[in-house]
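Reading the sequence shown from the start, the letters are residues 12 to 375 in my numbering.
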Amino acid sequence: MLEAHNMGLDSWVVAGGRPRVPGEPLNTPITAVSNFRRGGDLSYARGDGTPTIAAFEELVGGMEGGIATTFSSGIAAAAAVYATLSTGAVVVLPKGGYHGVEELAEDGATKGRWTTELIDLADTDAWIDAVGRADLIWLESPSNPMLTVVDLAPICTANRKPGNIIAVDNTFATSFNQRPLEFGADVVMHSASKFIGGHSDLVAGALVTNREELAAEFRTTRKVTGALPGALEAYLAVRGARTMAVRLERGQASAAVLAERLAASPHVDVVRYPGLASDPYHEVAKRVLDGFGAVISIDVVGGGPAADAVCDRIELISHATSLGGVESTMERRALGPDGLIRLSVGCENVEDLWSDLAQALDPG
Ligand SMILES: *Cc1c(COP(=O)(O)O)cnc(C)c1O
């Protein structure tokens, strides 16, 4: 049997989850089904999944080295981690992390389900302390949108409160650049809507864990909340992931070039990209990440109005939210400095991307 640990991740994303039966389709088919004939392992899709979902899970599980459960969105996946908490649990999560997860955490806190504490992602000592006393330690690295890189190793190996969970949102890094389970985290979360799908045409999410009892809990939560991915979405996620290695390779090579040029531009105040030698997280990133990713954040000179104008003038790059697609996208982000723009670098020619950025920053 083909197994992820016997090959490069770039081979696994091509080969993983594929049918291997003579005469069967080469690709994972879209199995549009709610229920199965009695006598087999599968009964009803909401509880048992489907062959297309199983393929998606084999693929993503292999990418991170654990057991995957996939969901209807990244947030549904995150919610399944929060659903493991008992009343009164202590949750520690990032200040300035992904807003949707913060909303989820604060919503539960308001309703008295748990208490939340927000910590600066760069404060490694505070996270180490949290690991000793909190029930859920929710990390995100590199973070959205400020690209703070977390030193995962000392945090994941710190003294633990027994039974607690360290979860890492690995959406920005991707499994190619960071594998949190190898550092000692319990759960990895992905929004497959981003780099895994890679074409801005689906919403889906995944959790991967190497703790079997947690995987079983995630399965149960998915069943009782009905948050399973649709057949088309699971198919598209697998289809998209086949090219993930080459997409990411291109995106991050171009991101490195663009980050250098943006840093030299008189129209840009600050560039945040962990690959830049001048970036505050460059040293941590070199230790933790195998690549610096395809997302750049910039603070343009002139603040909000200037950032709006750049987003209006951009032509090849799409002014749109989200990230991780073959098409480059940019948008202003509310969190952070006024002139903040997050740029997701896709697969276009890097010189065309630079020409577009240059004209948008300086229309002359
Ligand atoms: C998009 C995103 C999410 C949420 O995922 P959805 O698929 O939109 O629900 C979570 N974390 C990060 C870092 C993201 O970028």
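Every residue, glycine too, gets a C-beta built ideally from N, C-alpha and C. Note that the coordinates shown come from a computational prediction; the quantities given were computed from them, not determined experimentally.
Say the cut is 7 Å; is the CB of residue i nearer than that to a heavy atom of ligand 1?
i	result
E151	yes
I86	yes
F229	no
K106	no
A67	This sequence places Phe at residue 67; Ala is not what is there. Checking the Cβ of F67 against ligand 1 gives no.
T236	no
V112	yes
D59	no
V160	no
V311	no
T182	yes
Y93	no
N155	yes
Y109	yes
V279	no
K205	yes
V214	yes
S202	yes
According to the neighbour-count rule (16 or more other Cβ atoms, all chains shown, within 10 Å of its Cβ), is residue i buried or exposed?
i	result
H16	exposed
D9	Lying before the first or after the last residue shown, residue 9 is absent from the chain, which here runs from 12 to 375.
R48	exposed
E151	buried
G73	buried
H110	exposed
R298	exposed
M255	buried
S366	exposed
A345	exposed
A226	buried
S204	buried
E193	exposed
N188	buried
M12	exposed
E294	exposed
A141	buried
For residue i, which residues from the same chain have a beta carbon less than 6 Å from its beta carbon, with the 5 sequence-adjacent residues on both sides left out?
i	result
T95	E228
S45	A56
A305	G262, Q263, A266 and V356
D131	K106
A66	G28, T39 and V249
A318	V311, R343, G350 and I352
A43	A242
W125	L96, A100, V102 and G119
A371	V321, R324 and I325
CB-CB under 7 Å to residue i, same chain, minus the five flanking residues each way: which ones, in chain order?
i	result
G58	K234
R190	E75 and G76
P165	T135 and I139
A169	I139, V142 and G143
Closer than 8 Å by C-beta to residue i: which residues in its own chain qualify, once you throw out the five before and the five after it? Chain order, please.
i	result
G237	R57
H210	L247, G251, G336 and V337
T332	T340 and E342
S97	D146
L20	M74, S186, F187 and A256
Taking 8 Å as the cut-off, does the segment 282-292 touch the segment 322-330 (at least 3 CB pairs, one atom from each stretch)? no
Mind the definition here: the segment 269-284 touches the segment 300-315 only if three or more C-beta pairs lie below 8 Å; say whether that holds. Contact holds: three or more Cβ-Cβ distances are below 8 Å.
Any contact between the segment 118-125 and the segment 252-272? By contact I mean 3 or more CB pairs, one from each, below 8 Å. no
Would you be able to state if there are at least three C-beta pairs under 8 Å between the segment 211-220 and the segment 256-267? no
Three or more C-beta pairs closer than 8 Å, one from the segment 173-192 and one from the segment 142-156: is that the case here? yes
Report yes or no: do three or more beta-carbon pairs, one from the segment 354-368 and one from the segment 328-336, lie closer than 8 Å? yes
If contact is defined by three or more beta carbon pairs under 8 Å, each pair taking one atom from either stretch, is the segment 26-39 in contact with the segment 59-72? yes
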